[in-house]
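Novice:
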């Protein structure tokens with residue numbers, strides 16, 4: 034189940050890929066994530082995942098090429114969701130800080146102990162390749178795992194306007 038993908042973050046045919054940017058504007062990362070999630074709805078449903086997406090109300094423009102960003106984000110989320118146990122709940126939170134745009138991906142261990150939170154060493158080649166695709170766009174990633182939760186933090190450079 035995909036929850037909280039806002040309808041105002043849909044792709045307009047005039048926009049670049051899935052990143053809700055007009056040709057003269059930088060891509061909006063929250064739109065990019067929302068549209069990547071829409072493209073993965075079948076995979077999310079097949080794995081019985083609950084994905085909660087919390088975007089900010091304001092645009093989160095990043096300094097990356099829209100088509101490359103959408104492709105990299107779709108590939109990364111697909112690889113990340115493939116690693117989750119069936120029935121798992123995953124939270125995605127996007128926000129803008131002073132100089133960058135960030136996304137946290139949080140998977141909490143289930144109270145019944147049925148969740149196997151995989152450590153970074155268990156990450157497969159597709160996951161690493163997907164992360165490398167994001168890194169080629171200037172993204173930094175950190176991953177930490179504890180018995181209670183797995184946290185992934187993606188940091189992308191924010192787009193700065195030349196006035």
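Residue numbers (my numbering): 34 to 196. Where a beta carbon is used, it is the ideal one built from N, C-alpha and C, also for glycine. Owing to the predicted nature of the structure, the values given are computational and were not obtained by experimental measurement.
Once you ignore the five residues that flank residue 111 on each side, which residues in its own chain have a CB closer than 7 Å to its CB?
Specialist: 73, 76
Novice: Identify the residues that DSSP records as bridge partners of residue 184: which are they?
Specialist: 139, 177
Novice: Going straight from the alpha carbon of residue 104 to that of residue 180, what length do you get?
Specialist: 32 Å
Novice: Could you pull out every unbroken alpha helix (DSSP H) segment of at least 4 residues lying fully inside the stretch 73–126, listed in chain order?
Specialist: 74–79, 99–115
Novice: Kindly indicate which residue of 183, 161, 188, 117 has the alpha-carbon position closest to the one of residue 174.
Specialist: 188
Novice: Going along the chain, which residues of its own chain have a beta-carbon closer than 6 Å to the beta-carbon of residue 171, five neighbours each way excluded?
Specialist: 190
Novice: Quick one: what does DSSP say residue 59 is sitting in, helix, strand or coil?
Specialist: coil
Novice: Return the bridge partner residues of residue 189 from the DSSP annotation.
Specialist: Note: residue 189 sits in a beta bridge opposite 134.
Novice: Taking only the alpha-carbon atoms, compute the straight-line gap between residue 165 and residue 67 and give it to the nearest angstrom.
Specialist: 21 Å
Novice: From which residue to which residue does the alpha helix (DSSP H) around residue 167 run?
Specialist: 158–168
Novice: Considering only their Cβ atoms, is the gap separating residue 89 from residue 8 smaller than 8 Å?
Specialist: This structure cannot speak to residue 8, because the chain is shown only from 34 to 196.
Novice: Between which residues of its own chain and residue 184 is the CB-CB distance below 6 Å, once the five residues before and five after are set aside?
Specialist: 139, 177
Novice: I'd like to know if residue 83 contacts chain B, where contact means its C-beta is closer than 8 Å to some C-beta of that chain.
Specialist: Reference to chain B is not applicable here, since this structure consists of a single protein chain.
Novice: Just mark residue 114 as buried or exposed, buried being the case when its beta carbon has 16 or more other beta carbons within 10 Å.
Specialist: By the neighbour-count criterion, in which a residue is buried when 16 or more other Cβ atoms sit within 10 angstroms of its Cβ, residue 114 is buried.
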